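The structure under discussion appears below in the form of structure tokens.
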Amino acid sequence: MVTKFPITKEGYESLKKEHEYLLNTKRPRIIQAIEEAREHGDLSENAEYEAAKEEFQFLQKKVAELEDMIRNSEVVDVRHSGFEHVEFGCNVVLRNIDMDEDVIYQLVGPYESDIQNGKISMSSPLGRALLGKCVGDEVAFSAPGGQRNYQIVKIN
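Residue numbers (the numbering used here): 194 to 349.
Printed below as a string of structure tokens:
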């Protein structure tokens with residue numbers, strides 16, 4: 194049995210949108226570039242042709258990865274509020290105990306994590322440390338920069 198990974202509706206729609214773009218916009222452009230490069234003659238010494246072919250192979254791999262992600266995702270409704278403990282989809286306000294700074298993260302599945310946009314995977318070290326915790330709890334985890342210590346300030 195294939196394990197399904199939780200994903201927000203927004204994350205799922207983003208995967209579908211990227212898949213559609215690659216198939217309907219980028220793929221035809223690359224195919225056209227391959228055809229144009231073929232017209233330049235000898236393919237054995239045609240750098241344009243080789244580059245376009247390589248780009249096409251990369252695109253095919255990315256499309257297959259997206260199809261796997263879409264197939265193995267389970268959309269979870271995260272619109273409800275009033276989370277009592279940290280779980281998938283909730284937003285968590287954390288206070289960095291060592292630096293006395295607050296950060297906000299949304300706990301998401303592995304397919305939509307994006308630390309720059311405040312989305313951390315449940316399977317990340319911090320995500321695993323937070324799961325099931327409540328407001329006031331302290332969590333510690335190892336990060337590449339060393340040990341990090343947070344206190345949960347708010348869950349919503």
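Glycine residues also receive a C-beta, built at the ideal position from the N, C-alpha and C atoms. Being a predicted model, the structure only gives us computed values, none of them experimental.
- Taking the Cα positions, V268 is about 24 angstroms away from K347.
- Bounds of any beta strand (DSSP E) do not take in F276, whose DSSP letter is neither H nor E.
- The beta carbon of P318 sits closer than 7 angstroms to those of F334, S335, A336, all from its chain and outside the five residues before and after it, given in chain order.
- Residue burial is scored here from C-beta neighbours: A245 has at least 16 other C-beta atoms within 10 angstroms and is therefore classed as buried.
- At a Cβ-Cβ threshold of 7 angstroms, G311 and I200 do not count as neighbours.
- Rounded to whole angstroms, the separation of the alpha carbons of I263 and L252 is 16 angstroms.
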